[in-house]
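Residue numbers (mature numbering (1 follows the signal peptide of the UniProt record, and there is no 0)): -33 to -1, 1 to 221. To start, the structure itself, in structure tokens.
Next comes the structure, spelled out in structure tokens:
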């Protein structure tokens, strides 16, 4: 005898049948992997026996899925669809116990089952690691370069060109923002004369720096005469370490 389509059915009878089916099926907990993936199937076109088998298989699969820790703890929606399929398939089976077909629960059972059995999208590939921070060469931390002058000389010595080339070639690499060029003298002459001489020395080194490609806007020039000796001496003493120009490097927002 073919099952009747649901039109009217006492709620008490449905509830009783549903409880009985749930009680009978609650002990079936096979692994989800044992079930054949069946999608795109119109269950309403099946015969009564085939429909029962199809609903039973979907119920068993969804029940197993709701008990599978891998699905329960998954971050995708499989547990949701497993729970939905389990409920709807149980409802459909409950109606069939009373020789009835409930088209709504059959469709919902099959739809949720198909969503459950659809493989989840693969996780997005991990983002590539950020590029490593550029390694700052140790030379970038050099703060002062010194050029020594001959006695009473205001002409830049050959070492000034080497210093200027070093500064120019590393300015961009190190992010240097400017240079303070300060001239000095020893204490062997008059103070006013030494002050002017220190400025001339600073300008001579600055000229070499600009000739090597360092913009004038990055260079400040100062002369301190004999007021700031590297080596303290008595007045009038000639000291080669005091006849110098220092180039201090400005870094960042200094």
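We put the CB at the ideal spot given by N, CA and C, even for glycine.
Which runs of the alpha helix (DSSP H), 4 residues or longer, sit entirely within the segment 130 to 179?
158 to 178
Evaluate residue 42 with the Cβ neighbour count: other Cβ atoms within 10 Å of its Cβ, from every protein chain shown; 16 or more gives buried, anything less gives exposed.
Walking along the chain shown from the start, residue 42 turns up at place 75. Exposed.
Quick check on DSSP: helix, strand or coil for residue 201?
On the chain shown, position 234 is the one that residue 201 refers to. Looking at residue 201 - three-state DSSP - the assignment turns out to be coil, as it is neither helix nor strand.
What's the C-alpha gap between residue 190 and residue 95?
Here residue 190 is taken as the residue at index 223 of the chain shown, counted from 1. Here residue 95 is taken as the residue at index 128 of the chain shown, counted from 1. Approximately 53 angstroms between the Cα atoms of the pair.
Is residue 62 helix, strand or coil when you go by DSSP?
Within the chain shown, residue 62 is the residue found at index 95, counting from 1. Residue 62: helix per DSSP, three-state reduction.
Is the number of C-beta pairs between the segment 70 to 90 and the segment 106 to 113 that are closer than 8 angstroms three or more?
no
Please report the Cβ distance between residue 151 and residue 206, rounded to the nearest whole angstrom; I am assuming they are in contact, meaning their Cβ atoms lie under 8 angstroms.
Working through the chain shown from its first residue, we reach residue 151 at position 184. Working through the chain shown from its first residue, we reach residue 206 at position 239. Wrong, their Cβ atoms sit about 10 angstroms apart, outside the cutoff.
Identify whether residue 18 lies in helix, strand or coil by the three-state DSSP scheme.
What you label residue 18 is simply residue 51 of the chain shown in a count that begins at 1. Of the three classes helix, strand and coil, the one that applies to residue 18 here is helix, per DSSP.
Give the DSSP-derived three-state secondary structure of residue 67 in the structure shown.
Residue mapping note: residue 67 aligns to position 100 of the chain shown, counting from 1. Here residue 67 sits in strand by DSSP.
So does residue 28 have its beta carbon nearer than 6 angstroms to some heavy atom of the ligand SAM?
No copy of the ligand SAM appears in this structure; indeed no ligand is present at all.
Alpha-carbon spacing of residue 168 relative to residue 122, whole angstroms:
For the purposes of this step, residue 168 is identified with residue 201 of the chain shown, where counting begins at 1. For the purposes of this step, residue 122 is identified with residue 155 of the chain shown, where counting begins at 1. Answer to the nearest angstrom: the Cα atoms are 7 angstroms apart.
Would you mind working out which of 155, 219, 19 and 89 sits nearest residue 118, comparing C-alpha positions?
As a working note, residue 118 is residue 151 in the chain shown. The residue with the shortest Cα to Cα distance from residue 118 is 155.
Using beta-carbon positions only, say whether residue 192 and residue 218 come within less than 7 angstroms of one another.
Here the question's residue 192 lines up with position 225 in the chain shown. Here the question's residue 218 lines up with position 251 in the chain shown. No.
Beta-carbon within less than 6 angstroms of residue 133's beta-carbon, same chain only, minus the 5 sequence neighbours each way: which residues are those?
Position 166 of the chain shown, counted from the start, is the residue given in the question as residue 133. Here the set comprises nothing.
Roughly how many angstroms lie between the CA atoms of residue 195 and residue 165, to the nearest whole one?
On the chain shown, position 228 is the one that residue 195 refers to. On the chain shown, position 198 is the one that residue 165 refers to. Going by the C-alpha atoms only, they are around 11 angstroms apart.
Three-state secondary structure (DSSP) at residue 40?
Within the chain shown, numbered from 1, the residue matching residue 40 stands at position 73. It is coil, neither helix nor strand.
Helix, strand or coil: which one does DSSP assign to residue 206?
By 1-based counting over the chain shown, the position of residue 206 is 239. Residue 206 falls in the coil class under three-state DSSP.
Run through the DSSP bridge pairs and tell me what residue 186 is partnered with.
Mapped onto the chain shown, residue 186 falls at position 219. 146.
Within the chosen definition, does the segment 29 to 43 reach the segment 61 to 73 through at least 3 CB pairs nearer than 8 angstroms?
no
Does the beta-carbon distance from residue 73 to residue 59 come in below 7 angstroms?
Against the chain shown, residue 73 aligns to sequence position 106. Against the chain shown, residue 59 aligns to sequence position 92. Yes, the pair counts as a contact, with Cβ atoms nearer than the cut-off.
Three-way DSSP call (helix, strand, coil) for residue 109 in this model
Translated into positions along the chain shown, residue 109 becomes position 142. Here residue 109 sits in coil by DSSP.
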